[in-house]
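Enquirer:
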Amino acid sequence: MRFSRSLIPTLKETPAEAEVASHRLLLRAGFIRKLTAGIYTYLPLGLAAIRKVETIVREEMNRAGAQEILMPMVQPADLWRETGRYEKYGPELLRFVDRHERESCLGPTHEEVITDLLRREVRSYRDLPQNLYQIQTKFRDEIRPRFGLMRGREFIMKDAYSFDVDDVAAGESYQQMFEAYKRIFTRCGLEFRSVLADSGTIGGSYSHEFMVLADTGEDTLVICSACEYAANSEKAEVAIPATDDSPMLDLQKVETPGKRKVPVVCEFMGIEPHELVKTMVFDADGEPVAVLVRGDRTVQEVKLKNLLGAADIEMLDDKAVFDATGVPTGYLGPVGIKIKLLVDREVAAMRNFVTGGNEKNYHIKSVNMGRDFEAAAVADLRQITDSDPCPACGAQLGMKEGIEVGHVFKLGTGYSTAMKAVFQDSNGKETPMVMGCYGIGVSRIVAAAIEQNHDENGMIFPMALAPMQVVLLNLGLKDEQITETAELLYTELQGKGVEILLDDRDERPGSKFKDADLLGIPLRITVGKSLTKNGVVEIRHRKDGTTEELVPEQVTARIVELIDAAMSNG
RNA sequence: CGGGGCGUAGCGCAGCCUGGUUAGCGCGCCUGCCUUGGGAGCAGGAGGCCGUAGGUUCGAAUCCUACCGCCCCGACCA
Numbered sequence: 001m002r003f004s005r006s007l008i009p010t011l012k013e014t015p016a017e018a019e020v021a022s023h024r025l026l027l028r029a030g031f032i033r034k035l036t037a038g039i040y041t042y043l044p045l046g047l048a049a050i051r052k053v054e055t056i057v058r059e060e061m062n063r064a065g066a067q068e069i070l071m072p073m074v075q076p077a078d079l080w081r082e083t084g085r086y087e088k089y090g091p092e093l094l095r096f097v098d099r100h101e102r103e104s105c106l107g108p109t110h111e112e113v114i115t116d117l118l119r120r121e122v123r124s125y126r127d128l129p130q131n132l133y134q135i136q137t138k139f140r141d142e143i144r145p146r147f148g149l150m151r152g153r154e155f156i157m158k159d160a161y162s163f164d165v166d167d168v169a170a171g172e173s174y175q176q177m178f179e180a181y182k183r184i185f186t187r188c189g190l191e192f193r194s195v196l197a198d199s200g201t202i203g204g205s206y207s208h209e210f211m212v213l214a215d216t217g218e219d220t221l222v223i224c225s226a227c228e229y230a231a232n233s234e235k236a237e238v239a240i241p242a243t244d245d246s247p248m249l250d251l252q253k254v255e256t257p258g259k260r261k262v263p264v265v266c267e268f269m270g271i272e273p274h275e276l277v278k279t280m281v282f283d284a285d286g287e288p289v290a291v292l293v294r295g296d297r298t299v300q301e302v303k304l305k306n307l308l309g310a311a312d313i314e315m316l317d318d319k320a321v322f323d324a325t326g327v328p329t330g331y332l333g334p335v336g337i338k339i340k341l342l343v344d345r346e347v348a349a350m351r352n353f354v355t356g357g358n359e360k361n362y363h364i365k366s367v368n369m370g371r372d373f374e375a376a377a378v379a380d381l382r383q384i385t386d387s388d389p390c391p392a393c394g395a396q397l398g399m400k401e402g403i404e405v406g407h408v409f410k411l412g413t414g415y416s417t418a419m420k421a422v423f424q425d426s427n428g429k430e431t432p433m434v435m436g437c438y439g440i441g442v443s444r445i446v447a448a449a450i451e452q453n454h455d456e457n458g459m460i461f462p463m464a465l466a467p468m469q470v471v472l473l474n475l476g477l478k479d480e481q482i483t484e485t486a487e488l489l490y491t492e493l494q495g496k497g498v499e500i501l502l503d504d505r506d507e508r509p510g511s512k513f514k515d516a517d518l519l520g521i522p523l524r525i526t527v528g529k530s531l532t533k534n535g536v537v538e539i540r541h542r543k544d545g546t547t548e549e550l551v552p553e554q555v556t557a558r559i560v561e562l563i564d565a566a567m568s569n570g
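With the numbering used here applied, the first sequence has no gaps in its numbers, which climb one by one up to 570 at the end.
#1: Figure out for me which residue from Pro15, Leu27, Ala21 has the closest Cα to the Cα of Leu7.
#2: Quick one, are the C-beta atoms of Ile559 and Leu493 less than 8 Å apart?
#3: Between the alpha carbons of Glu287 and Leu465, how many angstroms are there, rounded?
#4: Less than 8 Å between the C-beta atoms of Leu550 and Leu502, yes or no?
#5: Between Glu499 and Gln469, how many whole angstroms is the CB-CB distance? I'm expecting something under 8 Å.
#6: In angstroms with no decimal places, state the Cα-to-Cα distance between Arg294 and Glu59.
#7: Quick check on the DSSP output: the beta strand (DSSP E) that includes Arg524 runs from which residue to which?
#8: With a cut-off of 8 Å, do at least 3 Cβ pairs link the stretch 254-262 to the stretch 357-366?
#9: Distance, Cα to Cα, Tyr125 vs Gln424?
#10: Can you say whether Asp386 is buried or exposed, counting buried as having 16 or more other CB atoms within 10 angstroms of its CB?
#11: Which of helix, strand or coil does DSSP assign to Leu249?
#12: The ligand COA heavy atoms versus the CB of Lys512: any closer than 7 Å?
#13: Shortest alpha-carbon distance to Glu553 belongs to which of Gly370, Arg51, Leu531?
#14: Evaluate the contact criterion for the stretch 310-322 versus the stretch 265-283: three or more CB pairs, one atom per stretch, below 8 Å.
#15: Got a sec? Which residues, its chain only, sit under 7 Å from Glu301 by beta carbon, not counting five neighbours each side?
#16: Taking Cβ to Cβ, would you say Arg382 is nearer than 8 Å to Thr298?
#17: What does Ala230 pair with, by DSSP beta-bridge criteria?
#18: Is Ser173 buried or exposed, if buried means 16 or more other CB atoms sit within 10 Å of its CB?
#19: Drop a sphere of 10 angstroms on the beta-carbon of His100, count the other beta-carbons inside from all chains shown, and report buried for 16 or more, exposed for fewer.
#20: Classify Phe96 as buried or exposed, calling it buried when 16 or more other Cβ atoms lie within 10 Å of its own Cβ.
#21: Spell out the partners DSSP gives Asn361 in its beta bridges.
#22: Looking at the structure shown, is Glu507 part of a helix, part of a strand, or coil, going by DSSP?
#23: So for Gly570, helix, strand or coil by DSSP?
#24: Three Cβ pairs or more, each shorter than 8 Å: is that satisfied between the stretch 324-336 and the stretch 243-250?
#25: Using DSSP bridges, identify the partner residues of Ala160.
#26: Using a threshold of 8 Å, state whether the C-beta atoms of Ser233 and Val222 are closer than that.
#27: In the structure shown, what three-state DSSP assignment does Ala18 receive?
#28: If the criterion is Cβ atoms closer than 8 Å, does the pair Ser162 and Pro108 meet it?
#29: Taking the CB atoms as reference points, tell me whether Val408 and Tyr181 lie closer together than 8 Å.
#30: Mapping DSSP to helix, strand and coil, what is Ser207?
#31: Helix or strand or just coil, what does DSSP make of Ile69?
#32: When you compare each of Met1, Gly46, Arg5, Ala37 to Ser22 by their alpha carbons, which one comes out closest?
#33: Report the option in Leu70, Ala231, Arg508, Ala376 whose CA atom is closest to the CA atom of Ile135.
#34: Do Val446 and Phe185 come within 8 Å of each other at the CB atom, strictly closer than that value?
#35: Would you call Asn427 buried or exposed, if buried means 16 or more other Cβ atoms sit within 10 Å of its Cβ?
#36: Ignore the nearest five residues each way along the sequence and tell me which others in Met1's own chain have a CB closer than 6 Å to its CB.
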């Protein structure tokens, strides 16, 4: 690839819209350009990086026995109605009608389509298992696309679906995919963790996420310092606390005029936030629900959503809270509350706590569950913290930020039952297929790799994902010896199958060095003055800046050696 | 969806408050000279429906209205 004839529009200045490193660098290095909010064109180098990921994913999926297909992007609404998701999926699902007034949507995921396919084609247990995947552009109309390729509305995803005769077989499929995923992310040269996860809108019983560790991650992971436990913090179960069995004291109403916020109430009453219980009100698919958590805790909405089986959970604003309860925010409490009341396990174990008085300007002391109020349910509803013990072994927990790049789910028979995807088992009995689904954010991996590997000068690609393996700088376009040597090396390396970008632009050396750094290509060959002076060219490693000088005849062999080494330990 | 902000040359911005010559600056781009190991220098040049539509005015990039687009924050703690 010749730089002079390629569309690699690098920018010296940072575009105003870019917040995070990967977005900034992808724009500056000329990998992507934005068409509209959350929708990007991949330029030659950006696409090359995407292709690297796709190739690794394909190889490992095929190796694991999955078969590649390609499903439509436009899907009929009726199919989505069969599973109830046309209504349930929410505004992320882009809906439209075609010229015949047929309702349609753009596929954000493909469970319905694949299940429809399999129910038509699979009759017998002899046809199972099946594991099918595609690499496709998905569309999700995100509330707020951001960070370039990290959270776009349109993005490239690999999604796979497994169909098995029973839970045991489905578990094997799941395990196979889990192993394939580990190989994929390892080959990509990424530092990652697999964690227990919530299964979200896709549904299902059991799932793991694969997270690339990076400070700009949108997810928080809890990782045990002692055992293997690792989970997304929205999923991480908080250990059941010891029950306080001190004697119940008498209820006591306290006037707290104007004291609404936890810290203010605590200061006023001379107590600590952990002695207070706050009452939060949410809207769960239109029904108001109150949740009790300790004053210093945070309600984990995902847990709440799962407990209620709700499609959408939203915290109510002050006015809506008053409308639902007749009490201004700040003074809500469980005693005498009129709406459904859910209680965090930690609160259920407490005695004699302080709550709002359910009356303006009053709080109550020495409240106790069971005596003073009843809960519709007691459950784990709060966000875990790093001072909580590991739910598996009790040791210290650590927290890290991560970018979700892969997700594997056990779906069970939810979709197959809803869509009547059944087969006859060996006894002739009609049985729903047991499903699993497995996603990888292909375009997001490129962004995640850059988040994890960059410096102030630009990207630093791992060899396996680099759009080009080598960049060769010709610093003497008008010097016959330099140009001849550069061209010779370019041809020779291409002949060895090396992916190489020849910087043959009529630019000054400084610009070429800057661009080479920016592009993050792992190896750089410089042919310039040192050739005419000392007969040597230079190889520089982008990652650590180390250089080696050698005569031109040795370069090709050395480069091939370096690439092989980088690919094998990646 | 709520709040805030921004739309002026390919990119980054100034001008707008306080309306009035030819709408500026830096980077990039084109031509020439010069230069060639970390984003050089000089000279010349091209490039703008000042987001769109309407209004106010003798006169609008500037004031008003609507629309469109984009960015940021929030949509989690009473």
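We put the beta carbon where it would ideally sit given N, CA and C, even for glycine.
Note that the coordinates shown come from a computational prediction; the quantities given were computed from them, not determined experimentally.
Expert: Reading from the atomic positions:
#1: Position 7 of the first sequence, counted from the first residue, corresponds to residue 7. Closest by C-alpha distance to Leu7, out of Pro15, Leu27, Ala21, is Leu27.
#2: Looking up residue 559 in the first sequence gives position 559. Looking up residue 493 in the first sequence gives position 493. Yes, the Cβ-Cβ distance between Ile559 and Leu493 is below 8 Å.
#3: Here residue 287 is taken as the residue at index 287 of the first sequence, counted from 1. Here residue 465 is taken as the residue at index 465 of the first sequence, counted from 1. Between the C-alpha atoms of Glu287 and Leu465 there is a straight-line separation of about 48 Å.
#4: Residue numbering aside, residue 550 sits at position 550 when the first sequence is read from its first letter. Residue numbering aside, residue 502 sits at position 502 when the first sequence is read from its first letter. Taking 8 Å as the Cβ cut-off, Leu550 and Leu502 do not qualify as a contacting pair.
#5: Residue numbering aside, residue 499 sits at position 499 when the first sequence is read from its first letter. Residue numbering aside, residue 469 sits at position 469 when the first sequence is read from its first letter. With 8 Å as the limit, Glu499 and Gln469 qualify as a contact, their Cβ atoms being about 5 Å apart.
#6: Position 294 of the first sequence holds residue 294. Position 59 of the first sequence holds residue 59. Going from the Cα of Arg294 to the Cα of Glu59 covers about 50 Å.
#7: In the first sequence, counting from the first residue as 1, residue 524 sits at position 524. Segment 523-527, the beta strand (DSSP E) holding Arg524.
#8: Touching, yes, given that three or more Cβ pairs across the two stretches are closer than 8 Å.
#9: On the first sequence, position 125 is the one that residue 125 refers to. On the first sequence, position 424 is the one that residue 424 refers to. Spanning the alpha carbons of Tyr125 and Gln424 requires a straight line of approximately 6 Å.
#10: As a first step, residue 386 must be located in the first sequence, where it is residue number 386. By the Cβ-count criterion, Asp386 is exposed, with fewer than 16 other Cβ atoms from all chains shown falling within 10 Å of its own Cβ.
#11: Working through the first sequence from its first residue, we reach residue 249 at position 249. Coil at Leu249, not helix or strand.
#12: Within the structure as shown, the ligand COA is missing, as the structure has no ligands at all.
#13: To locate residue 553, count along the first sequence from 1; it is residue 553. Considering only alpha carbons, the answer is Leu531.
#14: With the cut-off at 8 Å, the stretch 310-322 and the stretch 265-283 touch.
#15: Taking the first sequence and counting its residues from 1, one reaches residue 301 at position 301. Taken in chain order, the residues that qualify are Ile313.
#16: Position 382 of the first sequence, counting from 1, holds the residue named residue 382. Position 298 of the first sequence, counting from 1, holds the residue named residue 298. A contact, by the Cβ cut-off of 8 Å.
#17: If you number the first sequence from 1, residue 230 lands on position 230. DSSP output for Ala230 lists Ile223 as bridge partner(s).
#18: Against the first sequence, residue 173 aligns to sequence position 173. The residue is buried, with at least 16 neighbouring Cβ atoms inside 10 Å.
#19: Reading the first sequence from its first residue, position 100 is the one you call residue 100. Exposed, since its Cβ has fewer than 16 Cβ neighbours within 10 Å.
#20: As a working mapping, residue 96 is identified with position 96 in the first sequence. Exposed, since its Cβ has fewer than 16 Cβ neighbours within 10 Å.
#21: By 1-based counting over the first sequence, the position of residue 361 is 361. By DSSP's assignment, Asn361 forms no beta bridge with any residue.
#22: Residue mapping note: residue 507 aligns to position 507 of the first sequence, counting from 1. Assigned with DSSP and collapsed to three states, Glu507 falls in coil, not helix or strand.
#23: Residue mapping note: residue 570 aligns to position 570 of the first sequence, counting from 1. Only weak support is given to the placement of Gly570: the predicted model assigns it a pLDDT of 49, under 50, and the question is left unresolved by the model.
#24: The stretch 324-336 and the stretch 243-250 do not touch, with fewer than 3 CB-CB distances between them shorter than 8 Å.
#25: Your numbering for residue 160 matches position 160 in the first sequence. The partner list for Ala160 (beta bridge, DSSP) reads Tyr133, Tyr438.
#26: Residue numbering aside, residue 233 sits at position 233 when the first sequence is read from its first letter. Residue numbering aside, residue 222 sits at position 222 when the first sequence is read from its first letter. Result yes, Cβ atoms of Ser233 and Val222 sit closer than 8 Å.
#27: By 1-based counting over the first sequence, the position of residue 18 is 18. Secondary structure of Ala18 (DSSP, three-state): coil.
#28: Counting from 1 along the first sequence, the entry for residue 162 is found at position 162. Counting from 1 along the first sequence, the entry for residue 108 is found at position 108. No Cβ-Cβ contact shorter than 8 Å links Ser162 with Pro108.
#29: Working through the first sequence from its first residue, we reach residue 408 at position 408. Working through the first sequence from its first residue, we reach residue 181 at position 181. It is a contact, given that the beta carbons lie within the stated cut-off.
#30: Numbered from its first residue, the first sequence carries residue 207 at position 207. Per DSSP, reduced to three states, the secondary structure at Ser207 is strand.
#31: Within the first sequence, the letter at position 69 stands for residue 69. DSSP places Ile69 in coil when its eight states are reduced to three.
#32: On the first sequence, residue 22 is found 22 positions in, with the first residue counted as 1. Comparing Cα-Cα distances from Ser22 to each of Met1, Gly46, Arg5, Ala37, the minimum goes to Gly46.
#33: Taking the first residue of the first sequence as 1, we reach residue 135 at position 135. Answer by Cα proximity: Leu70.
#34: The count along the first sequence starts at 1 and reaches residue 185 at position 185. The count along the first sequence starts at 1 and reaches residue 446 at position 446. In this structure, the beta-carbon distance from Phe185 to Val446 does not fall below 8 Å.
#35: Within the first sequence, residue 427 is the residue found at index 427, counting from 1. Burial call: exposed.
#36: Counting from one through the first sequence, the residue named residue 1 turns up at place 1. Only Leu501 meet the Cβ criterion.
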